[in-house]
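This report concerns only the one structure given below.
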Amino acid sequence: MSTNAMTIVNTADNTRLTTVLLDDVDLGAANPWGLECTDDGKYICVAHSGTHEISVIDRVAMHEKIDMVVKGEKVSDVSSSIEDIPNDLSFLVGIRRRIKLTGNGPRNLTMIGTKAYVCEYFTDSIGVVDISPDIRPNAMSIALGPKVEMDDVRKGEMFFYDASLCFQKWLSCATCHP
């Protein structure tokens with residue numbers, strides 16, 4: 001089994017604070033690729049190339065939860081110390097949303113206000129989604145040109161990176177064979 005994670009680094013002293021898992025208990029978030037913070041620092045967005053979605057993490061709530069663990073407060077059945085956080089599949093419950101994209105193979109992304117613009121590699125498109133917590137997200141894709149029929153090589157590459165072909169979307173072939 002493979003898990004998918006994000007490491008938090010203290011940039012003031014260049015030390016690792018902890019690592020948080022991006023998967024849910026019963027659903028993988030395969031192949032995290034691009035990561036971007038909103039300009040106001042409230043949210044971290046992660047593109048998942050294997051599951052064709054983005055994770056939107058409440059950065060402030062995540063750090064508050066980490067601080068609670070550091071103070072010795074038990075925040076889950078798993079995380080009673082900071083060393084436990086990297087093994088806690090439930091750590092981001094309630095502070096992370098998963099938003100399905102309409103395109104395939106998200107890679108890098110950028111944020112402008114509350115809108116995420118995501119490069120969708122296999123569909124040659126840009127995904128656009130408003131991540132504002134006040135609205136229900138409605139992802140759309142903007143084609144970068146006329147649709148080009150995929151040849152067998154490109155289709156094979158698309159399947160190689162697609163975690164939806166795996167039970168509970170934990171991994172794709174590319175997870176182990178980049």
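Residue numbers (the numbering used here): 1 to 178.
Even glycine gets a Cβ: it sits at the ideal position worked out from N, Cα and C.
8 Å Cβ cutoff met for LEU92 and MET68: no
Under 8 Å between the Cβ atoms of ALA30 and SER172? yes
Ordered along the chain, which non-local residues of its own chain (more than five positions away) have a Cβ less than 6 Å from that of ILE82? THR18, VAL69, VAL70
Does any C-beta atom of chain B lie closer than 8 Å to the C-beta of SER79? Protein chains in the displayed structure number just one, and chain B is not present.
Closest to ASN138 by C-alpha separation, out of ALA116, GLU64, GLU120, VAL153, would be which residue? ALA116
For ILE131, tell me which candidate among PRO146, SER79, ILE112, SER49 has the shortest Cα-Cα distance. ILE112
As assigned by DSSP and simplified to three states, the class of ILE95: ILE95: coil per DSSP, three-state reduction.
Going by DSSP in three states, ARG154 sits in which element: helix, strand or coil? helix
Any idea what DSSP makes of PRO86, helix, strand or coil? Helix at PRO86.
Which residues mark the beginning and the end of the beta strand (DSSP E) in which HIS48 is found? 43–48
What are the boundary residues of the beta strand (DSSP E) that includes ALA5? 5–10
Please classify PHE122 as buried or exposed, where buried requires at least 16 other C-beta atoms within 10 Å of its C-beta. buried
Count the other CB atoms, across all protein chains shown, that sit within 10 Å of the CB of LEU101; report buried if there are 16 or more and exposed otherwise. When all chains shown are included, LEU101 counts as buried.
Taking Cβ positions, are SER162 and GLY50 nearer each other than 8 Å? The amino acid occupying residue 162 in the given sequence is Asp; Ser does not appear at that position. A contact, by the Cβ cut-off of 8 Å.
According to DSSP, is CYS119 part of a helix, a strand, or is it coil? strand
Just to confirm before moving on: does the CB-CB distance between TRP170 and PRO106 stay below 8 Å? No, these two residues do not count as a Cβ contact at 8 Å.
LEU109 versus ALA12: straight-line alpha-carbon distance, rounded: 25 Å
Does the ligand ATP have a heavy atom nearer than 7 Å to the CB of LYS147? No copy of the ligand ATP occurs in the structure displayed, which carries no ligand at all.
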